[in-house]
Structures are given as structure tokens and as C-alpha cells.
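With our numbering, letter number 37 in the sequence shown gets 467, and the count goes up by one each step, no holes. Here the structure comes first, spelled out in C-alpha cells, and everything after it is commentary.
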Amino acid sequence: MPKLSAVDQAFFLLETRERPMSIGALIVLAPPAGTGARFADRLIRQMLRQPPGPPFNGRLAPGRSGAC
């Protein structure tokens, strides 16, 4: 895994339980036509069967400041 950028490292080091620094996105999508009411359930089951790949399987290696 590549080293964290200075901004990413700052977010990582400043985050606490009381002060989350996470950033995320919410996308509302409609299921494909003709897939039925349980489309999301089937999609989640399918996604859980396959382990995540790069870059989503990266792990931080401890460094001098506790991050990469």
C-alpha cells in the first residue's frame, strides 16, 4: 500500500471517537427494471461472497507517527 498523503495522514491522526474525520458519499440508486423487490438483498449477498480487492483491501503499516 502506498504511503498516506499529508492530508490523509492528518485526518487519520486527528480522528477520535468523539471527533470522526471520515468522509463518505451517499448515492441513491433505483434497481434495474424487472429485478424485483429483493434486488438489494441479492446484490449485498453477492458482494459479500467476493473479498475486496485493491485499493479497498489495504492496511496501514505503523510508522514513526503511527501511520504510513
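C-beta: ideal position from N, C-alpha, C; glycine also.
At the C-beta level, P481 and F469 stay beyond 8 Å of one another. Under the three-state reduction of DSSP, A436 is assigned to helix. CA-CA distance, E445 to M451, rounds to 5 Å.
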